[in-house]
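Chains as they are written, first to last, in our numbering: chain A, 311 to 830; chain B, -6 to 179.
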């Protein structure tokens, strides 16, 4: 301990070379918000085009690039890095560790992300345009019929996959090795548990995604025929590999959200979580099941009946651990002394809307019905209920909940509540009508549609603009809080909050738990 | 447990890196071959064996008559004319049958084609044996030439009783560039 500088370095170098988990967490969160705005902008282009039937604003080729990049940017650029940012900020503070286990790798796993997305976004300006084959990039759309820029897309996916793998290894190494004395696995906060399981999922399936894009690269440039029937390959193989990655991926997105909600609800219900153990086991069960249900995304490829039945029943089984979780949250609130601050409102919105998305998921899991729903707007409605109202709502809740702890200033409660209600209404206005147009037969990923869908699509577009605008309010609220929010000095910030992160001073100092705390 | 170093963090990282490498290899080494093996073995996707069938049975089941239909499809951008000489045959299980598919290359350049078969219903795929098929090899054709491509097959006597009609569909692909690319890269 030669010198005693405890504060951060000054200037740009602080951010470029930082190994501090809080700084890196902050950068992840700002980066993911920037990507959220970019992906949101793509969504606005989509909804503006769909405001009326007929071709109005963009040509179909560009529309396809918008749907593709909206999906890719939101999944890989907004939601995943935002939860990694949250993990960076919170996991060391929650388990009583001074920092992440591998701080230098932490820096690198963040800093390779912006170039990856710069590469991805730059494809829009290349000859032939950006990727236009949907975020699922099915072969042969993404191989034989892909624009030349697909090679940049592949390289971008490789880089962001590398970033995710490094981030996950870091989280596993931190949680397994740096817990404070007395912090046994079954005493860890649920956010840490869900992230540990998520990190294992990421480590297992990100290499599968890397393998899939590598095969695409070889098919396009090196004359192999993994996905080309002419050379003895099979395009359906691509779908199997993609969804073997893709299904765990959706739980990678939602499990940390489950963790956030399981932290916030007890605080505002002023009761401990109803069943901690069952939550842990439910999370682990969901993670296990995610590996054996992938083909429910591809019921219509021509599987044998036995295959359809197996994937159908296995998929329905996921409703059991998910139900355990939802009932757990509800019973935690039961007879609690509840208050409804903004984080709690977002969590309640999460429970209601995520459960709705879960029910439409159950409908989609039924193979014979899915033949009708497949590739319709019903699917779009379903996954936006679980992705947006699931992951994004819980992320908003997390920011409102922990921001006062991080920066020592309180956000504006009226503005937060306004953000919640505007997004809640905007979200439902956008996506609820999509159930109806989907059931009536409107296919997804099209720039034009039959006239009978016009009214519901107009409602959807208006809702989308409202939802988009509410995020600007969110941004303003966060900046106003950081710059000039009412100072908070209470360590706990929230009356009912429990956990190690609420034992350190507010705002959280640059270095915490240099001496590990003793957990009883 | 494996212990590589005294630093427990290093041990955790090493194990996780092993998982990453194993999963990446898993895609290439296990998933791709396993998919092909399963499709072949179970006849999923209507895939028939790409190998020549060695006939072992001699008995012909005269009591059953199976209708075999032939479909020829050109993949997108394939300019050849491609059609079965006969669109339908009535055959006895166990009998050896011959037919031909007719192709013609209307362009003035030499081309190479590959036909890919698919059987419907998929359940019938494992009971449809080909002793000779143009789909086993790539088929070169000089410019403005035509050819008769032979197919010899046996319908297995074990074919489930409820199947009375088998449809054999061929899609023909232009693989000229792939073949030339393979030659150029040598």
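Note that the Cβ used here is the ideal one computed from N, Cα and C, for glycine as well.
Asked, Found
"So which residues on chain A does residue 5 of chain B lean against when the C-beta distance must stay under 7 Å?", "482, 483, 486, 487"
"Quick check: what's the CA-CA separation for residue 411 of chain A versus residue 809 of chain A?", "20 Å"
"Pick out the complete alpha helix (DSSP H) segments inside the segment 405 to 481 of chain A, 4 residues or longer, and give them in chain order.", "413 to 421, 423 to 432"
"Roughly how many angstroms lie between the CA atoms of residue 491 of chain A and residue 33 of chain B, to the nearest whole one?", "55 Å"
"Which term fits residue 619 of chain A, buried or exposed, when burial requires 16 or more other beta carbons within 10 angstroms of its beta carbon?", "exposed"
"Listed from N- to C-terminal order along the chain, which residues in the segment 535 to 554 of chain A have their beta-carbon within a distance smaller than 9 Å of any beta-carbon of chain B?", "535, 536, 538, 539, 540, 541, 542, 543, 544, 546, 547, 550, 551, 554"
"Checking contacts by CB at 9 Å: is residue 821 of chain A closer than that to chain B?", "no"
"Spatial neighbours of residue 437 of chain A within its chain, please: C-beta separation below 7 Å, excluding the five flanking residues on both sides.", "458"
"Taking only runs of the alpha helix (DSSP H) that begin and end inside the segment 646 to 675 of chain A, which ones reach a length of at least 4 residues, in chain order?", "652 to 675"
"Restricting to Cα atoms, I'd like to know which of A:655, A:534, A:382, A:549 is closest to residue 448 of chain A.", "A:549"
"Could you check whether the Cβ of residue 650 of chain A sits closer than 8 Å to any heavy atom belonging to the ligand PLP?", "Among the components modelled here there is no ligand, and therefore nothing to report on the ligand PLP."
"Looking at chain A, which residues of the segment 93 to 107 of chain B have a Cβ within less than 8 Å of any of its Cβ atoms?", "107"
"Could you check if residue 643 of chain A is buried or exposed, using at least 16 other CB atoms within 10 Å of its CB as the buried criterion?", "buried"
"So is residue 649 of chain A buried or exposed if we call it buried at 16+ other beta carbons inside 10 Å?", "exposed"
"Quick one: list the residues of chain A neighbouring residue 35 of chain B, beta-carbon separation under 8 Å, in chain order.", "614"
"Counting only the same chain and skipping the five closest in sequence on each side, list residues whose C-beta sits under 8 Å from that of residue 439 of chain A.", "371, 372, 375, 433, 457, 459"
"Excluding the 5 residues preceding and the 5 following residue 82 of chain B in the sequence, name in chain order all residues of the same chain whose CB lies nearer than 7 Å to its CB.", "61, 90, 92"
"Report the rounded CA-to-CA distance for residue 417 of chain A versus residue 336 of chain A, giving the unit in angstroms.", "12 Å"
"To the nearest angstrom, report how far apart residue 536 of chain A and residue 762 of chain A are at their CA atoms.", "42 Å"
"Could you list the residues in the segment 400 to 411 of chain A with a C-beta less than 7 Å from some C-beta on chain B, going in chain order?", "411"
"Quick one: does residue 784 of chain A have its CB under 9 Å from some CB of chain D?", "Judged by its chain identifiers, the structure shown contains no chain D, and its protein chains are A and B."
"Measure the alpha-carbon distance for residue 170 of chain B versus residue 144 of chain B and round it to whole angstroms.", "26 Å"
"Going by DSSP, which residues form a beta bridge with residue 82 of chain B?", "B:61"
"One question on the structure: do residue 697 of chain A and residue 814 of chain A come within less than 9 Å of each other, judged by their Cβ atoms?", "no"
"Going straight from the alpha carbon of residue 613 of chain A to that of residue 622 of chain A, what length do you get?", "12 Å"
"In its own chain, which residues sit with a C-beta less than 6 Å from the C-beta of residue 469 of chain A, not counting the 5 before and 5 after it?", "422, 426"
"From A:554, A:516, A:593, pick the residue whose C-alpha is nearest to that of residue 855 of chain A; which is it?", "Nothing about residue 855 of chain A can be read from this structure; chain A reaches only from 311 to 830."
"What is the DSSP secondary structure of residue 76 of chain B, counted as helix, strand or coil?", "strand"
"So, with DSSP's three-state summary, where would you put residue 567 of chain A?", "helix"
"Please confirm if residue 513 of chain A has its CB atom under 9 Å from at least one CB of chain B.", "yes"
"On a CA-only basis, which of A:527, A:525, A:534, A:471 is nearest residue 509 of chain A? Give me that one, please.", "A:471"
"Measure the alpha-carbon distance for residue 588 of chain A versus residue 818 of chain A and round it to whole angstroms.", "31 Å"
"Measuring alpha carbon to alpha carbon, tell me which of A:378, A:358, A:390, A:361 ends up nearest residue 340 of chain A.", "A:390"
"Tell me whether residue 550 of chain A sits in a helix, a strand or coil according to DSSP, three-state version.", "helix"
"Step through the CB atoms of chain A and report whether any lies within less than 9 Å of the CB of residue 28 of chain B.", "yes"
"Looking at the C-beta of residue 475 of chain A, does it have a partner C-beta in chain B at a distance below 9 Å?", "yes"
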